[in-house]
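Visitor: Once you know that position 21 of the sequence shown is 21 in UniProt numbering, the rest is easy, because the numbers rise by one and skip nothing. Here a beta-carbon is modelled for each residue, glycine too, at the ideal position from N, C-alpha and C. Please see the structure below; I have some questions.
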Amino acid sequence: MNNIEFISAGAGSGKTYKLTETLAQALESGAARPHAILATTFTVKAATELRERARSWLLEKGRIDLATAIGQARLGTVNSVCGQMLKRFCFELGLSPDQTVLGEGQSKRLLKATLAEAMDAAAQAELVGLTERFGIEQADWSKTVEAVVKAALDNDITPAALRAMGAQNADAMLANWPAPSTGPDPTAALSAALSKAHQEVAAFVEQRMAAGEQVPQNLSKGLDALQKLDRAFREARWCWPDWIGAAGIDAGAKVKNILEPVKAAAQAHESHPAFHAEVRRYLDLVFNLVADVLDAYEQAKKALGAVDFSDQEVLLLRALRTKPSVREALAAELDLIMVDEFQDTSPLQLALFVELAKLAKRSVWVGDPKQAIYGFRGTDASLIAGVLGAIKDWGGTIGKALDTSRRSVEGLVALTNGVFGSAFEPDLTPAQVQLQPLRKDIPDQAALLNWNFESSRNDLDYLGLGQAVRELLASGVKVEDKDTEQLRPIQAGDVGVLCRYNEQVGFAVTSLTRWGIPSASPRSGLLGTAEAIYVMACLRRLNDPTDTVATALVLTLAEGIPVETWLQDRLQHLATDGAKSHEWKTTGDNAHPLLARLEELRPILNALTPQEALRLAAAESQVARLVGQWSASPHESRNRLANVEALVEFGKTFEDECVAAKRPATVSGMLRWLDELASADDDNRATSADNSVTVLTYHGAKGLEWPVVVLTSLDATARSSLWGVRARTVGAFDPQQPLANRFVHCWLKTWGKRSQPQAALNAEASATGQAMQAEALAENKRLLYVGLTRARDMNVAVSFVRSRGPGRAWVGEIQGATELLFGDSGAVALPCGRQLSRLTKSWSKDDCADEPPAKAPETCHWFAPRPRMQGEPLWHRPSAASGGAFKVAETDTVGVRLSLAGKPDMASLGTALHLCIARAGVLGGVSAPEVERILKTWAVAHCVDKDAVCAQVAAFQAWIGARWPGCPVHVEVPVEADGPNGTRIRGRIDLLVEAHDGWVLLDHKSNPGGAARDEDLVAEHGPQLESYGHALLAATGKPVRQRWLYLPVAARAVRLA
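Structure, rendered in structure tokens:
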């Protein structure tokens, strides 16, 4: 493995350029053949950019041949490349070449469905009971299971190995708790102590009240707590956090002695045998359930004939390890492997890259260990570091680091160097962290701003943000235009606001909107927006005529009708004699135009796909006009319209999932699916691309940049995964086998919302606890590094100031960082010796609560609605044609009239006779048994004599032969051609005679009426034959000379004029 080269690429240092250069030069030099290149990127967009940049590079060098051939290279995300490789070796692996790949959302929903089905009722009841016992939120146990499932999939851990991990986790966790006691029942002791203390404290309070003394608040609260705990233990409804509550109960000094026995008895919970047993049982249930879910999930995918992203990686990895033919083929095929964002690879992907590196002639891994921030997604920075540390031992090389920042101005680069110079030791030395600036500072302008917002609550932290950003936009600050490299005034689109959590993103957007600043943020909640609710109400009403709740929503949102008004109208409708509930506002003089229109459109719903139905509902709802009326600015209107388009796109996603799952796609199914999306917070709103402030989480900002970046949430400290789910290596680490000894860590948080017990503190102080805290702290530093390196021209560090002081704990995790980032306005001396200009401003609570100035009136322009036009359908069926004036030109007798017994279904009889004539036309005749079989098939054999039908068919053939002797006859002729008004005619002609001067067109009708009805028949069916005539002329260029109706029951033929 001496062919591996790792290149460390600092933030903004031209990583994409380096990859492009490596790829293009390998092609130019002949070191790599186009089809023998494999390159993985983190996103599809990055892969496309890499391919196009390399193509442009080669075109500039005049290598048109290579620029064209680069399309043969395998460039894409890890999963897309794995999919290509599996198709390449599908037969060697025993796979279908046509694999259905489940997307991330599909996999997630299939897993949830599998989880719901995999657990039997008794086990679920037990797990829910234990969840309550430990004070865990009911929704959290399923999240724990899902997290363990994901960790197992990401690390290729088998269900059998998982089953043993429940007990292993319990052993490791409970090693920090006292051993189980063997004496008297601790529960009985605490229950008795609570009962006695409750009685004595209650008596003490009554004495004070009887004496007219005031009862202190702490005594009153203590008595309430005692009463609740006493009742919970008496009724056996207690949970383990209640023991911690009892141990810390306080009712004041006067009753301290009374409560001492309660506190002493409650301390026993850490050594309670039942506590230890229930922890073990809970973890055992969770891990066994996960193993069952993985087995069931595998079977569900097999039933669908599908694989997910993890399967693609696992299958390829196993093929590389166990299939000599695959290894030999790839060793001959792979000249160059390139991996982008190497620090973000999952453990499974890391193992895959190590195996591929053993086969390829050259491997180039590019990444930045300082930006490894996706631990919550399952990546493990320690694995990455372990593999990188082994490269030199394998004979590989650590290439020249990309350490020149092409992104940030000189002052910001120096600030980043000063803050993080020693932050990553001992893993990275200060020299490995330092970046060199390429861009100069913007003259006479601070590169660092401090904004301090006084606040008392989390939801008020961002109240002043909108005001501050508005002042910044009006301040005349200059930024460098990336395209022109010229200075220009700042615009809203130049600003990025970074938050730690999604909830804070919502607060920031609300503040910006309040101050009239356009913003864009990828966040959930699309189906909760007014525009989505309105369109969905129209679709529900279109789908279900009885959905009067949808009717009420349409009235409220479309017309702004108050609830009281439409409710009164609804009650009046129900009180009307003979009124049908679902016809409210859809018929009569009181009908609402939109609701009436939806009723009119319902018959065509079955002919539409779910997405087409959704698009129809959006179009007919006139939502584009309404969002303009609802919006306070053009930007808001565009955002709302973008939300509608995003909603319609969900229809396509639903259809794709139905195809993958091999189930029918229906409108009702899509409505349920959309509800599930909203419940899982997977309904992301649209983000507009116009000039607006971008609001993202720090994780979401990875790979992006802005001229000005506002860093918020700087009080967010590192959170260890000790009391959660995390995969880690237990035992020796083998860099050539990164997945060896992988273990899913899952320790139980048993104290609910109470303060941590001593045993939990002991666990955090243990070797495992300290190691996981160190990992969390290191990742928190890396995340701050990502945030601080997004700005091109200016960073804004925001502090939320509470009574205890400014919230800067996150920055405080790095020694010396607080002094560099925060302080008064003026020059900041950096460790490198240069100075940075800082500008600080503070807003008090009252300042933050200031109302924005009144918005200047804007002239609004509306399009006057035009009368609705009924468009012609694309596909025109001749049988549905109408119009025209037709008359009888000639009548001729054909055979003998058929006698009908009883009252047959004329449609079935017509079809049967039609088939008999068609069979005779193809075979030259039809026998009586054949006629009988056809008549029986259509259940009309009892209505007409088979021999009479045979005779009539023969007479019809003889009549045609006499009328048009020697002319070819064609039966059941399909025809399709352009029709008038942009329509497309499609149909099937019963019989055509190809005469020398044109076509003779005959259409069979089963009408049994006499000659007196011929004029009516001609008027009814003439448009159909005329439409066929247009199609024949357009398709063949030959006109129709005669048009006939053949009436086999009435034994005559009628020519139309």
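Since V201 and L223 should fall inside the 8 Å C-beta cutoff, what is the C-beta to C-beta distance between them, to a whole number of angstroms?
Guide: Their Cβ separation, rounded to whole angstroms, is 5 Å, which keeps V201 and L223 in contact under 8 Å.
Visitor: What are the partner residues of G826, as DSSP defines its beta bridges?
Guide: Beta-bridge pairing links G826 to R838.
Visitor: When DSSP builds the beta bridges, which residues end up paired with Y534?
Guide: DSSP, once it has assigned bridges, lists no residue as partnering Y534.
Visitor: Should P1023 be counted as a contact of the ligand HEM given a C-beta to heavy atom distance under 7 Å?
Guide: Inclusion of the ligand HEM in the displayed structure is not the case, the ligand content being empty and no account of it being possible.
Visitor: Can you tell me whether L487 is buried or exposed? The criterion is at least 16 other CB atoms within 10 Å of its CB, across all chains shown.
Guide: It is exposed - the Cβ of L487 has fewer than 16 other Cβ atoms within 10 Å.
Visitor: Just to confirm my understanding: we take residue 1058, look at its own chain, exclude 5 residues before and 5 after, and list those with CB closer than 6 Å. What are they?
Guide: Summary: the structure shown does not reach residue 1058, with the chain confined to residues 1 through 1057, and so no result is reported for it.
Visitor: Below 6 Å CB to CB, which residues in the same chain sit around L1033 once its five sequence neighbours on both sides are set aside?
Guide: Around L1033: P1039.
Visitor: Can you give me the Cβ contacts of C967 inside the same chain, cut-off strictly under 7 Å, excluding the 5 residues immediately before and after it?
Guide: Excluding sequence neighbours, C967 sits near V993, E994 and A995.
Visitor: From I621 to C538, what does the alpha carbon distance come to, in whole angstroms?
Guide: This sequence places Ser at residue 621; Ile is not what is there. Cα to Cα, the separation comes out at about 7 Å.
Visitor: When we look at the beta-carbon of T818 and count the other beta-carbons within 10 Å, is it buried (16 or more) or exposed?
Guide: Buried, by the Cβ-count rule.
Visitor: With DSSP as the reference, label F424 as helix, strand or coil.
Guide: Three-state result, F424: coil.
Visitor: Just the C-alpha distance for I37 and V419, rounded to the nearest angstrom, thanks.
Guide: Taking the straight line from one Cα to the other gives about 39 Å.
Visitor: Can you check which of these residues, F654, T717, S755 and E5, is closest to L783 by C-alpha distance?
Guide: Closest option to L783, Cα to Cα, is T717.
Visitor: So E655 packs on A665, CB below 8 Å; how close in whole Å?
Guide: Sure, about 5 Å apart at Cβ, within 8 Å.
Visitor: Is it buried or exposed, residue 1063, if we count other Cβ atoms within 10 angstroms and call 16 or more buried?
Guide: This structure gives no information on residue 1063, because the portion of the chain shown stretches from 1 to 1057.
Visitor: Measure the alpha-carbon distance for E5 versus K45 and round it to whole angstroms.
Guide: Going by the C-alpha atoms only, they are around 24 Å apart.
Visitor: Hey, out of A446, R1013 and L294, whose CA is closest to V888's CA?
Guide: Answer by Cα proximity: R1013.
Visitor: Taking its Cβ as the centre, do 16 or more other Cβ atoms sit within 10 Å of G826, making it buried, or is it exposed?
Guide: The residue is exposed, with fewer than 16 neighbouring Cβ atoms inside 10 Å.
Visitor: Following the continuous alpha helix (DSSP H) through A797, name the residue where it begins and the one where it ends.
Guide: Looking at the DSSP string, A797 is not in any alpha helix (DSSP H); the run it does join, the beta strand (DSSP E), is A791 to R802.
Visitor: Any idea if E890 is buried or exposed, counting beta-carbon neighbours within 10 angstroms, 16 or more meaning buried?
Guide: Exposed, since its Cβ has fewer than 16 Cβ neighbours within 10 Å.
Visitor: Hey, is the stretch 705-713 in contact with the stretch 481-499, meaning 3+ C-beta pairs nearer than 8 Å?
Guide: Counting Cβ pairs under 8 Å, three or more are found: they touch.
Visitor: Secondary structure at K662, three-state DSSP: helix, strand or coil?
Guide: K662 falls in the coil class under three-state DSSP.
Visitor: Can you tell me where the alpha helix (DSSP H) with V326 in it begins and where it stops?
Guide: First-last of the alpha helix (DSSP H) with V326: P324 to E333.
Visitor: Can you tell me whether T429 is buried or exposed, with buried defined as 16 or more other CB within 10 angstroms of its CB?
Guide: Exposed.
Visitor: Would the beta-carbon of V307 fall within 8 Å of that of L102?
Guide: For V307 and L102, yes; Cβs fall inside 8 Å.
Visitor: By a C-beta neighbour count over all protein chains shown, 10 Å radius and 16 as the cutoff for buried, is D65 buried or exposed?
Guide: Label assigned to D65: exposed.
Visitor: Could you check where the alpha helix (DSSP H) with M670 kicks off and where it finishes?
Guide: Segment V667 to S679, the alpha helix (DSSP H) holding M670.
Visitor: Quick one: give me the first and last residue of the alpha helix (DSSP H) that N218 is part of.
Guide: Segment Q217 to R234, the alpha helix (DSSP H) holding N218.
Visitor: Alpha carbon to alpha carbon, how far is L350 from V290? Give it in angstroms, no decimals.
Guide: Rounded to whole angstroms, V290 to L350 spans 24 Å at the Cα level.
Visitor: Looking only at its own chain, which residues have a Cβ that is under 6 Å from the Cβ of F956, when we skip the five neighbours before and after it?
Guide: Counting only Cβ-Cβ distances below 6 Å, and skipping sequence neighbours, we find V894.
Visitor: DSSP beta-bridge partners for N684?
Guide: N684 pairs with S524.
Visitor: Using CA atoms only, rank isn't needed, just tell me which of N780, P180 and E705 is closest to P369.
Guide: Answer by Cα proximity: N780.
Visitor: Report the residue from A941, G998 and C239 whose alpha carbon sits nearest the alpha carbon of W751.
Guide: Ranking the options by Cα distance to W751, first place goes to C239.
Visitor: Assign W365 to one of three DSSP states: helix, strand, or coil.
Guide: The answer is strand: DSSP assigns W365 an E or B state.
Visitor: Please report the residue range of the beta strand (DSSP E) in which A995 lies.
Guide: A995 -> beta strand (DSSP E) spans R984 to A995.
Visitor: Over what stretch of residues does the alpha helix (DSSP H) that includes G812 continue unbroken?
Guide: Where G812 is concerned, the enclosing alpha helix (DSSP H) stretches over A809 to G812.
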